[in-house]
Amino acid sequence: GAVVSQHPSWVICKSGTSVKIECRSLDFQATTMFWYRQFPKQSLMLMATSNEGSKATYEQGVEKDKFLINHASLTLSTLTVTSAHPEDSSFYICSARIVGSWGRGQPQHFGDGTRLSIL
Amino acid sequence: GQQLNQSPQSMFIQEGEDVSMNCTSSSIFNTWLWYKQDPGEGPVLLIALYKAGELTSNGRLTAQFGITRKDSFLNISASIPSDVGIYFCAGSALNRDDKIIFGKGTRLHILP
Numbered sequence: 006g007a008v009v010s011q012h013p014s015w016v017i018c019k020s021g022t023s024v025k026i027e028c029r030s031l032d033f034q035a036t037t038m039f040w041y042r043q044f045p046k047q048s049l050m051l052m053a054t055s056n057e058g059s060k061a062t063y064e065q066g067v068e069k070d071k072f073l074i075n076h077a078s079l080t081l082s083t084l085t086v087t088s089a090h091p092e093d094s095s096f097y098i099c100s101a102r103i104v105g106s107w108g109r110g111q112p113q114h115f116g117d118g119t120r121l122s123i124l
Numbered sequence: 032g033q034q035l036n037q038s039p040q041s042m043f044i045q046e047g048e049d050v051s052m053n054c055t056s057s058s059i060f061n062t063w064l065w066y067k068q069d070p071g072e073g074p075v076l077l078i079a080l081y082k083a084g085e086l087t088s089n090g091r092l093t094a095q096f097g098i099t100r101k102d103s104f105l106n107i108s109a110s111i112p113s114d115v116g117i118y119f120c121a122g123s124a125l126n127r128d129d130k131i132i133f134g135k136g137t138r139l140h141i142l143p
């Protein structure tokens, strides 16, 4: 089945540090990847949609300068949390959708998430 | 905006019992998805539904796409300990470019 790899799985860093999270589709190509944030005991909230070769589309209320997204290839998207602060601590999860699956709501396949803790 | 109401929020059942959970939306969806999330991991797709009225099974799991296109249910038969986790419904609508919206989840606990 489709595998999405996310790295790192866990990171702790000081306030003010920038943190980069990678999302890779291992056995398929993904023109579109999605980034979610999940707080404890809550659901997944979509932050942005990342399209290969173009700018990401951010959901309302998500700061694009704070959460930088780069989707440089069909198998890799990165999320950089810039100047992270304790309130940015959360579980960040990416997902990817297989190329050529438009129009049928093809399921997204999720990575295992990155737990970010800002001290 | 679109919202998904998922119920129940949590369930405590005995091993071997059947489980039922459902989701309703305020507007029409063209796809319904059911995911399971274990602690510290990403969601794993259980069942995908694409047509109103569609009934799909995956082992002991059965899900249906409501005929009004505003609801879906997931049933788990003969629950086992590894069924413990959080189950999320998710839907996508034509007017949101296939982005999916998640319900708030149903936490399943199995009593020994």
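Taken in sequence, the protein lines are chains A and B. Numbered according to my numbering, the first sequence spans residues 6 to 124. Numbered according to my numbering, the second sequence spans residues 32 to 143. Every residue gets a Cβ at the ideal spot worked out from N, C-alpha and C, and that includes glycine.
Residue i, DSSP secondary structure in three states
i              : result
D117 (chain A) : coil
G108 (chain A) : The predicted model places G108 (chain A) with a pLDDT of 49, which falls under 50 and marks its position as unreliable; any figure quoted below should be read in that light. G108 (chain A) falls in the coil class under three-state DSSP.
S58 (chain B)  : coil
S113 (chain B) : helix
D93 (chain A)  : helix
Q45 (chain B)  : strand
V8 (chain A)   : coil
L80 (chain B)  : strand
K122 (chain A) : The sequence shown places Ser at residue 122 (chain A), rather than the Lys named in the question. Strand at S122 (chain A).
S20 (chain A)  : coil
Candidates the options, of which the one nearest residue i by Cα
i              : options                          : result
L31 (chain A)  : A:I123, A:G116 and A:L121        : A:G116
S113 (chain B) : B:I78, B:L142, B:I132 and B:Q40  : B:L142
I20 (chain B)  : B:V115, B:D49, B:L76 and B:V50   : With chain B covering 32 to 143 only, the question about residue 20 (chain B) has no answer from this structure.
T136 (chain A) : A:V8, A:M52, A:P45 and A:L124    : Given that chain A is displayed from residue 6 to residue 124, the structure contains no residue 136 (chain A) and the question cannot be resolved.
L80 (chain B)  : B:K67, B:A94, B:E72 and B:G71    : B:A94
F44 (chain A)  : A:G21, A:I123 and A:Y97          : A:Y97
D49 (chain B)  : B:N106, B:T87, B:G134 and B:G136 : B:N106
T87 (chain A)  : A:S59, A:V67 and A:V8            : A:V67
H140 (chain B) : B:F133, B:I117 and B:A121        : B:I117
N75 (chain A)  : A:C99, A:V16, A:L124 and A:G118  : A:C99
G118 (chain A) : A:L124, A:Y41, A:A61 and A:Q34   : A:Y41
S94 (chain A)  : A:F72, A:A101 and A:R102         : A:F72
Bridge partner(s) assigned by DSSP for residue i
i              : result
K25 (chain A)  : A:T85
Y67 (chain B)  : With the sequence shown as reference, residue 67 (chain B) is identified as Lys, and Tyr is not the correct amino acid for it. In the DSSP output, where bridge partners are listed per residue, K67 (chain B) has B:V75 and B:Y118.
T137 (chain B) : B:Y118
D102 (chain B) : B:T55
L86 (chain B)  : B:Q95
L35 (chain B)  : B:S56
A101 (chain A) : A:M38 and A:H114
L142 (chain B) : B:Q45
S123 (chain B) : B:T62 and B:I131
* Asked: Which runs of the beta strand (DSSP E) fall wholly inside the region 29 to 77 of chain A and span at least 3 residues, in chain order?
  -> 37 to 43 and 50 to 56
* Asked: Given a limit of 8 Å on CB to CB distance, which residues of the region 64 to 81 of chain A reach chain B?
  -> none
* Check distances from the C-beta atoms of the region 75 to 87 of chain B to those of chain A and list, in chain order, the residues that come in under 9 Å. => V75, L76, A79 and Y81
* To do: Can you give me, in chain order, the residues of the region 102 to 131 of chain B that have a beta carbon less than 7 Å from any beta carbon in chain A?
  => For the region 102 to 131 of chain B, the beta-carbon criterion of a distance under 7 Å to any beta-carbon of chain A is satisfied by F119, S123, D129, K130 and I131.
* Of all the residues that make up the region 62 to 74 of chain B, which are near chain A by a beta-carbon distance shorter than 8 Å? -> T62, L64, Y66, G71, E72, G73 and P74
* Pull out every residue of the region 45 to 58 of chain A whose Cβ sits closer than 9 Å to any Cβ of chain B, in chain order. => Hits within the stretch, in order: K46, Q47, S48, L49, M50, L51 and T54.
* To do: Could you name the residues of the region 79 to 104 of chain A whose beta carbon sits closer than 9 Å to any beta carbon of chain B, in the order they occur along the chain?
  => F96, I98, C99, S100 and R102
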